[in-house]
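Quick notes on the structure that follows.
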Amino acid sequence: MRLLTHNLLSSHVRGVGPRGFPLRLQATEVRSNPVEFNPDFIARMIPKVEWAVLLEAADTLHLVEVPKEPIQGYEHKEEFLRKMHHVLLEVEVLEGTLQCPESGRLFPISRGIPNMLLSDEETDINCAIRRFFTLVV
37 MRLLTHNLLS
47 SHVRGVGPRG
57 FPLRLQATEV
67 RSNPVEFNPD
77 FIARMIPKVE
87 WAVLLEAADT
97 LHLVEVPKEP
107 IQGYEHKEEF
117 LRKMHHVLLE
127 VEVLEGTLQC
137 PESGRLFPIS
147 RGIPNMLLSD
157 EETDINCAIR
167 RFFTLVV
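Numbering (the numbering used here), first residue to last: 37 to 173.
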(Lines of atoms letter the chains of each structure in order from A and count residues from 1; the text may use other names and numbers.)
(Lines give C-alpha, C1' and ligand atoms only; values in the text may rest on other atoms or scores of the structure.)
Protein backbone atom coordinates (compact mmCIF):
# COMPACT_ATOMS: atom_id res chain seq x y z
CA MET A 1 0.00 0.00 0.00
CA ARG A 2 1.41 3.35 -1.00
CA LEU A 3 1.21 6.37 1.28
CA LEU A 4 -0.96 8.12 -1.30
CA THR A 5 -3.50 5.31 -0.84
CA HIS A 6 -3.24 5.56 2.95
CA ASN A 7 -3.97 9.27 2.69
CA LEU A 8 -7.30 8.53 0.97
CA LEU A 9 -8.60 5.62 3.06
CA SER A 10 -11.05 5.89 5.95
CA SER A 11 -13.00 3.49 8.12
CA HIS A 12 -16.64 2.86 7.34
CA VAL A 13 -17.50 0.97 10.52
CA ARG A 14 -21.11 1.65 11.52
CA GLY A 15 -21.45 4.77 13.65
CA VAL A 16 -17.96 6.10 12.96
CA GLY A 17 -18.71 8.55 10.13
CA PRO A 18 -16.01 11.14 9.40
CA ARG A 19 -14.20 10.23 12.63
CA GLY A 20 -12.87 7.14 10.80
CA PHE A 21 -10.10 9.26 9.27
CA PRO A 22 -7.15 9.16 9.37
CA LEU A 23 -6.37 5.52 9.88
CA ARG A 24 -3.35 4.89 12.12
CA LEU A 25 -0.63 3.10 10.21
CA GLN A 26 1.50 0.36 11.77
CA ALA A 27 3.95 -1.24 9.37
CA THR A 28 5.89 -4.44 9.93
CA GLU A 29 7.38 -4.63 6.42
CA VAL A 30 8.13 -1.69 4.12
CA ARG A 31 10.02 -1.49 0.84
CA SER A 32 10.92 1.12 -1.71
CA ASN A 33 9.61 0.24 -5.15
CA PRO A 34 10.86 2.42 -8.06
CA VAL A 35 8.07 4.11 -10.04
CA GLU A 36 8.52 6.30 -13.13
CA PHE A 37 8.62 9.96 -12.11
CA ASN A 38 5.68 12.01 -13.38
CA PRO A 39 6.00 15.59 -12.08
CA ASP A 40 2.62 16.69 -13.45
CA PHE A 41 0.80 13.91 -11.59
CA ILE A 42 2.56 14.69 -8.31
CA ALA A 43 1.88 18.43 -8.71
CA ARG A 44 -1.83 17.68 -9.23
CA MET A 45 -1.96 15.38 -6.19
CA ILE A 46 -0.26 17.70 -3.68
CA PRO A 47 -3.40 19.85 -3.09
CA LYS A 48 -5.45 16.69 -2.46
CA VAL A 49 -3.10 15.30 0.18
CA GLU A 50 -4.07 15.71 3.83
CA TRP A 51 -0.66 16.99 4.87
CA ALA A 52 -0.93 16.28 8.62
CA VAL A 53 -1.88 12.68 7.82
CA LEU A 54 1.07 12.33 5.45
CA LEU A 55 3.44 13.75 8.09
CA GLU A 56 2.16 11.29 10.69
CA ALA A 57 2.51 8.32 8.32
CA ALA A 58 5.98 9.45 7.23
CA ASP A 59 7.01 9.83 10.87
CA THR A 60 5.70 6.33 11.65
CA LEU A 61 7.86 4.97 8.83
CA HIS A 62 10.85 7.15 9.84
CA LEU A 63 10.86 9.08 6.56
CA VAL A 64 12.63 12.38 7.13
CA GLU A 65 12.19 13.92 3.69
CA VAL A 66 8.64 15.24 4.19
CA PRO A 67 8.56 18.99 4.91
CA LYS A 68 6.07 20.39 7.43
CA GLU A 69 4.02 21.85 4.57
CA PRO A 70 4.19 22.09 0.77
CA ILE A 71 6.67 24.71 -0.38
CA GLN A 72 5.56 27.77 -2.33
CA GLY A 73 5.63 27.23 -6.09
CA TYR A 74 6.13 23.47 -5.66
CA GLU A 75 4.78 22.88 -9.19
CA HIS A 76 8.10 24.14 -10.55
CA LYS A 77 10.44 22.69 -7.89
CA GLU A 78 11.70 19.38 -9.24
CA GLU A 79 13.61 18.44 -6.08
CA PHE A 80 10.46 18.82 -3.95
CA LEU A 81 8.33 16.94 -6.49
CA ARG A 82 10.86 14.08 -6.58
CA LYS A 83 10.81 13.83 -2.77
CA MET A 84 7.02 13.74 -2.75
CA HIS A 85 7.01 11.24 -5.61
CA HIS A 86 9.21 8.97 -3.51
CA VAL A 87 7.12 9.33 -0.35
CA LEU A 88 3.69 9.08 -2.00
CA LEU A 89 4.35 6.46 -4.68
CA GLU A 90 7.59 4.56 -4.08
CA VAL A 91 7.38 3.81 -0.36
CA GLU A 92 5.18 0.73 -0.07
CA VAL A 93 3.83 -0.88 3.11
CA LEU A 94 3.76 -4.61 2.43
CA GLU A 95 2.63 -5.87 5.84
CA GLY A 96 1.01 -4.14 8.79
CA THR A 97 -2.30 -2.76 9.99
CA LEU A 98 -4.50 0.29 9.72
CA GLN A 99 -6.47 1.22 12.84
CA CYS A 100 -9.72 3.18 12.94
CA PRO A 101 -9.18 6.09 15.36
CA GLU A 102 -12.80 5.97 16.55
CA SER A 103 -13.68 2.27 16.83
CA GLY A 104 -10.19 0.81 17.22
CA ARG A 105 -10.97 -1.70 14.45
CA LEU A 106 -7.82 -3.10 12.84
CA PHE A 107 -7.61 -3.57 9.09
CA PRO A 108 -4.76 -5.86 8.01
CA ILE A 109 -2.33 -5.00 5.23
CA SER A 110 -1.10 -8.14 3.51
CA ARG A 111 1.22 -8.21 0.50
CA GLY A 112 0.64 -4.48 0.07
CA ILE A 113 -3.17 -4.72 0.00
CA PRO A 114 -5.26 -3.21 2.81
CA ASN A 115 -8.28 -5.40 3.65
CA MET A 116 -11.06 -2.92 4.42
CA LEU A 117 -13.89 -5.47 4.28
CA LEU A 118 -16.34 -5.26 7.17
CA SER A 119 -18.46 -7.98 8.75
CA ASP A 120 -22.25 -7.68 8.42
CA GLU A 121 -22.51 -6.42 12.00
CA GLU A 122 -20.11 -3.57 11.25
CA THR A 123 -22.07 -2.03 8.38
CA ASP A 124 -25.20 0.10 8.47
CA ILE A 125 -26.73 -1.25 5.28
CA ASN A 126 -26.43 -4.92 6.19
CA CYS A 127 -27.90 -4.33 9.65
CA ALA A 128 -30.82 -2.44 8.11
CA ILE A 129 -31.44 -5.22 5.57
CA ARG A 130 -31.27 -7.90 8.25
CA ARG A 131 -33.72 -5.97 10.47
CA PHE A 132 -36.09 -5.57 7.52
CA PHE A 133 -36.12 -9.30 6.76
CA THR A 134 -36.49 -10.16 10.45
CA LEU A 135 -39.62 -7.98 10.60
CA VAL A 136 -41.04 -9.36 7.35
CA VAL A 137 -40.57 -13.04 8.19
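Yeah, the Cβ is synthetic: ideal placement off N, Cα and C, and Gly gets one too.
Of F73, I82, I78 and R38, the smallest CA-CA separation from L61 is found for R38. Between S68 and E126, the gap from beta carbon to beta carbon is short of 7 angstroms. Cβ neighbours of P106 within its own chain (closer than 6 angstroms, five residues either side excluded): I82.
The beta carbon of V123 is closer than 8 angstroms to those of L39, L90, A94, L99, E101 and V102 in its chain, skipping five residues each way along the sequence. Under the DSSP assignment, T41 falls in the alpha helix (DSSP H) whose first and last residues are L39 to L44. When the five nearest sequence neighbours on each side are left out, the beta carbons in the same chain lying within less than 7 angstroms of the beta carbon of L97 are those of A63, V66 and V127, in order along the chain. L59 and C136 do touch by the CB rule: their CB atoms are close to 6 angstroms apart, below 8 angstroms. DSSP places L59 in the coil class of the three-state scheme, outside both helix and strand. According to the DSSP assignment, L90 belongs to no beta strand (DSSP E) but to the alpha helix (DSSP H) extending over W87 to T96.
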